[in-house]
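Residue numbers (my numbering): 504 to 677.
Written out as structure tokens, the structure is:
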């Protein structure tokens, strides 16, 4: 139930908050509630992913392409994620979730999400996501064209390249 309340809060507030450039940083604040914790009395690992979904929703709804994405009925779909937990979040602890696009290739957008509390980095995640329509995935260059953004063909940080190699290795083994 608390995720629905958080979803509604993020969704509604996104329309009243300052719009973001497509490459801007979304910042959403939360507090750990009792339904977020596990037997170790800290926020359960699965809750991070659920809240990161809300961070990406805020990023999308506040981005310069919001009206376009909604009008075209494009959906953002997550393809993979890597999460690094550095510290725990305790019950009732406040934290801030930052989300931003850090790269892209011909198919995927790469998003970095960081959680901070009391000035400390708690968690960092790198995710890849794309837009889909009725016909399938929408190439990143089409997204940029529709947004009137001219950028180089591909931008991948060394960390993303390393992660993609690891992902390819896992794919080969399965």
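Just so it is clear, CB atoms sit at the ideal spot from N, CA and C, and this is done for glycine as well. No experiment lies behind these values; they were computed from the predicted model shown.
Considering only 556, 673, 579, 590, the residue with the shortest C-alpha distance to residue 602 is 556.
Per DSSP, residue 523 lies in no beta strand (DSSP E) segment and is marked neither H nor E.
In the DSSP annotation of this structure, the continuous segment of the alpha helix (DSSP H) that includes residue 674 starts and ends at 661-676. Taking 3 residues as the shortest admissible run, the stretch 604-651 contains the following complete beta strand (DSSP E) segments, listed from N- to C-terminal end: 612-620, 623-636, 639-641.
Per DSSP, residue 563 is one residue of the alpha helix (DSSP H) stretching across 548-565.
Residue 576 sits in coil when the DSSP states are folded into three classes, being neither helix nor strand.
By the criterion of a C-beta distance shorter than 7 angstroms, residue 585 is surrounded in its chain by 628, 629, 666, once the five residues flanking it on both sides are discounted. The distance from the Cβ of residue 595 to that of residue 535 is about 6 angstroms, consistent with a contact at the 8 angstroms cut-off.
Between residue 510 and residue 580, the beta carbon gap of about 17 angstroms keeps them out of contact (Cβ cut-off 8 angstroms).
With distances taken between CA atoms, residue 609 lies nearest to 644 out of 541, 600, 644. Counting of Cβ neighbours within 10 angstroms places residue 561 among the buried residues, the total reaching 16 or more.
Taking 8 angstroms as the cut-off, the beta carbon of residue 636 is found closer than this to the beta carbon of residue 577. Nearest in C-alpha terms to residue 566, of all of 672, 619, 652, 540, is 652. Inclusion of residue 597 and residue 545 in the CB contact set at 8 angstroms is not warranted, their separation being larger than that value.
Considering only 564, 613, 568, the residue with the shortest C-alpha distance to residue 646 is 568. DSSP, read as helix, strand or coil, puts residue 535 in coil.
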